[in-house]
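This report refers to the structure that appears directly beneath it.
Protein chains: 2
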Amino acid sequence: MYEPVYIVGMGPGAEEMMTAEAVAVLEQSEVIVGYSLYLDLLGERFKDKEFLSTPMRQEAARCRMCFEQAVKGKKVAMVCSGDAGIYGMASLMLELKPQYPGCEVRVVSGVTAAGSGAAVLGAPLGHDFCVISLSDLLTPWEQIEKRLKAAAAGDFAIAVYNPASRKRGDYLKRACEILMENGAKPERACGYVENIGRKGEHAVTCTLKELKDEKVNMFTTVFIGNSQSEIIDGKLVTKRGYIL
Amino acid sequence: MYEPVYIVGMGPGAEEMMTAEAVAVLEQSEVIVGYSLYLDLLGERFKDKEFLSTPMRQEAARCRMCFEQAVKGKKVAMVCSGDAGIYGMASLMLELKPQYPGCEVRVVSGVTAAGSGAAVLGAPLGHDFCVISLSDLLTPWEQIEKRLKAAAAGDFAIAVYNPASRKRGDYLKRACEILMENGAKPERACGYVENIGRKGEHAVTCTLKELKDEKVNMFTTVFIGNSQSEIIDGKLVTKRGYIL
Chain A
12 MYEPVYIVGM
22 GPGAEEMMTA
32 EAVAVLEQSE
42 VIVGYSLYLD
52 LLGERFKDKE
62 FLSTPMRQEA
72 ARCRMCFEQA
82 VKGKKVAMVC
92 SGDAGIYGMA
102 SLMLELKPQY
112 PGCEVRVVSG
122 VTAAGSGAAV
132 LGAPLGHDFC
142 VISLSDLLTP
152 WEQIEKRLKA
162 AAAGDFAIAV
172 YNPASRKRGD
182 YLKRACEILM
192 ENGAKPERAC
202 GYVENIGRKG
212 EHAVTCTLKE
222 LKDEKVNMFT
232 TVFIGNSQSE
242 IIDGKLVTKR
252 GYIL
Chain B
12 MYEPVYIVGM
22 GPGAEEMMTA
32 EAVAVLEQSE
42 VIVGYSLYLD
52 LLGERFKDKE
62 FLSTPMRQEA
72 ARCRMCFEQA
82 VKGKKVAMVC
92 SGDAGIYGMA
102 SLMLELKPQY
112 PGCEVRVVSG
122 VTAAGSGAAV
132 LGAPLGHDFC
142 VISLSDLLTP
152 WEQIEKRLKA
162 AAAGDFAIAV
172 YNPASRKRGD
182 YLKRACEILM
192 ENGAKPERAC
202 GYVENIGRKG
212 EHAVTCTLKE
222 LKDEKVNMFT
232 TVFIGNSQSE
242 IIDGKLVTKR
252 GYIL
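Those protein sequence lines, which keep their order, are chains A and B. Using the numbering used here, the letters of the first sequence map in sequence onto residues 12 to 255. Using the numbering used here, the letters of the second sequence map in sequence onto residues 12 to 255.
Dropping the structure here:
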């Protein structure tokens with residue numbers, strides 16, 4: 012009945028890392044909703060759009076804003092960094108949708124930090140992997156700990172999102188300790204990337220023991236290899252298992 | 012010393028789902044190497060390139076082909092479906108690179124089936140998740156089973172790659188049984204997508220118990236929710252945990 016609301020994954024931020032579909036959807040929109048940091052990353056070609064935002068932690072209000080604009084007859088897109096469905100706003104939008112009869116939600120995927128960060132480091136996710144967020148804003152720490160233990164038990168490579176924030180300075184250290192207590196060796200090959208695809212991109216490879224004491228921030232994505240991962244010519248590589 | 016070899020993730024297949032970076036790298040290449048199915052998916056604008064391929068299972072030969080072309084002075088890109096580093100050729104290329112002094116490998120990420128398939132179904136990967144391949148061509152089944160058990164123990168949402176092939180008709184059934192034996196309830200919300208972003212795209216939502224007996228093939232990506240996932244207005248949604 013109303014125009015569909017698009018939830019668009021913009022990838023790491025640079026326009027060249029968005030899909031053509033994502034760019035087209037944003038170009039066809041009248042209103043672009045998003046966290047201000049992501050709106051700032053959008054290039055000149057979108058500057059004629061109406062931008063709407065809410066502060067951090069007001070995600071539900073931001074989603075409601077999309078539906079309210081759609082009900083007014085506007086063509087609306089909401090931007091998320093990375094992929095729209097991976098810790099993005101797609102799930103919250105779909106949760107809220109039944110409250111807005113006649114509204115429709117369409118999800119446009121994008122390159123998540125697991126993929127874009129892995130490409131910078133080499134190929135740390137070349138085999139089965141987990142993606143785990145260390146943010147305990149919405150998830151009890153006990154559940155995060157349970158998942159870290161399971162990831163170690165399954166010998167998964169791991170992409171760690173939200174490894175730190177101002178209030179969670181030691182969470183990556185705790186995560187590394189949990190992995191080592193559950194069978195991951197201190198020599199496990201690891202790495203991390205700060206500001207993937209943005210100004211100041213910075214990649215480091217290290218061991219799990221070293222990772223424990225590295226300074227990371229909310230713009231860092233961390234990669235922990237599985238037991239077979241290696242650093243080859245400076246790149247972090249998790250092998251698929253080809254016999255050479 | 013030589014031109015860098017690019018390993019390019021092309022996403023699900025349609026050009027509109029490639030990143031602008033991936034398209035630009037392919038346009039600047041002279042030689043495009045890849046499995047024939049993926050080369051066939053490339054649009055008209057790449058038809059002036061030299062295409063090189065090897066049959067399935069000759070992945071190492073395909074990688075060597077890239078380096079050999081680079082050593083001849085050619086600008087080479089290898090295409091992978093989805094993301095170049097997620098079960099793609101990036102890890103094998105980085106493994107082989109030390110045998111080709113003067114060669115350099117650059118990875119260009121793309122939208123992997125976990126992201127693109129999730130977008131079709133709704134938002135099944137809205138919280139921590141695992142990606143597990145059921146192919147035992149290169150991985151012992153015992154390891155796959157260990158990872159399925161760990162995924163159940165950690166209450167992860169799961170994206171299942173390679174859920175079936177002609178020789179592995181019952182692997183998804185076995186995987187579902189292992190998950191249920193390890194705590195996942197038969198009512199767990201699930202779904203799958205065939206031919207993501209390609210002709211014949213087809214999405215189904217179902218319970219874990221129903222999934223066990225669904226007919227899937229090598230072009231299907233399967234999604235298994237976590238214990239909190241729900242089907243909302245026909246969409247598979249794994250909530251992030253916002254209090255509404």
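Positions of the beta carbon are idealized from the N, C-alpha and C atoms, including for glycine.
Using a 10 angstroms sphere on the CB of LEU190 of chain A, the tally of other CB atoms reaches 16 or more, which defines it as buried. Boundaries for SER144 of chain B: no alpha helix (DSSP H) harbours it, while the beta strand (DSSP E) harbouring it runs 140-144, taken from the DSSP string. For SER127 of chain B, the nearest CB of chain A lies under 8 Å from its own CB, placing it at the interface with that chain.
For CYS77 of chain A, the enclosing alpha helix (DSSP H) begins and ends at 70-82.
By the beta-carbon neighbour count (other beta carbons within 10 angstroms, threshold 16), SER146 of chain B is buried.
When rounded, the separation of the alpha-carbon atoms in LEU52 of chain B and VAL87 of chain B is 18 Å. For TYR17 of chain A, the three-state secondary structure derived from DSSP is strand. Under the three-state reduction of DSSP, ALA95 of chain A is assigned to coil, being neither helix nor strand. When the alpha-carbon of VAL118 of chain A is set against those of A:GLU188, A:LYS226, A:TYR46 and A:MET89, the nearest one is in A:MET89. Within chain A, the C-beta atoms nearer than 9 Å to that of LYS157 of chain B come from ALA164, GLY165 and ASP166, in chain order. Secondary structure note for CYS201 of chain A: it is in no alpha helix (DSSP H), and the uninterrupted beta strand (DSSP E) holding it is 200-205. Taking the Cβ atoms as the reference, ALA129 of chain A lies roughly 5 Å from GLY96 of chain B, within the contact range of under 8 Å. Annotated as proximal: TYR253 of chain B and GLU70 of chain A, with beta-carbon spacing under 8 Å. Taking CB atoms only, SER102 of chain B has a neighbour in chain A less than 8 Å away. Using a Cβ-Cβ cut-off of 8 Å, LEU190 of chain B does not count as an interface residue toward chain A, since no Cβ of chain A sits closer than that to its own. For CYS217 of chain A, the enclosing beta strand (DSSP E) begins and ends at 213-218. Within chain A, the C-beta atoms nearer than 7 Å to that of SER144 of chain B come from ASP139, in chain order. Setting aside the 5 residues that flank it on each side, ASN206 of chain B is surrounded in the same chain by GLU212 and PHE230, each with a C-beta closer than 6 Å to its C-beta; the list follows chain order. A direct Cα-to-Cα measurement between ARG199 of chain A and PHE234 of chain A gives close to 11 Å.
Residue environment analysis places ALA72 of chain A among the exposed positions, since fewer than 16 neighbouring C-beta atoms fall within 10 angstroms of its C-beta. The beta carbon of VAL171 of chain A does not come within 8 Å of any beta carbon belonging to chain B, so the residue lies off that interface. Check the Cα spacing between MET67 of chain B and each of B:ILE143, B:SER92 and B:SER47: the tightest is with B:SER47. For VAL131 of chain A, the enclosing alpha helix (DSSP H) covers residues 124-132. Under the Cβ criterion of 8 Å, GLY121 of chain B is counted among the residues facing chain A. Separation of the CB atoms of VAL16 of chain A and CYS114 of chain A is rounded to 6 Å, and the pair is thereby assigned contact status at 8 Å. Burial check for MET29 of chain A: the Cβ neighbour count within 10 Å reaches 16 or more, so the residue is buried. Among the CB atoms of chain B, none fall inside 8 Å of the CB of TYR111 of chain A. Non-local C-beta neighbours of GLU156 of chain A in its own chain, meaning closer than 7 Å and more than five positions away in sequence, comprise ILE189, ordered along the chain. Assignment of TYR49 of chain A by DSSP, reduced to helix, strand and coil, places it in the helix class. By DSSP's assignment, ILE189 of chain A forms no beta bridge with any residue. Residue pairing for GLU61 of chain A: DSSP places it in a beta bridge opposite A:VAL42. Bounds of the alpha helix (DSSP H) holding ILE155 of chain B are 152-164.
Inter-residue distance for GLU27 of chain A and VAL142 of chain B is about 26 Å (C-alpha atoms, whole angstroms).
Where GLU106 of chain A is concerned, the enclosing alpha helix (DSSP H) starts and stops at 101-107.
The criterion of a C-beta distance shorter than 8 Å is not satisfied by GLU61 of chain A and GLU79 of chain A.
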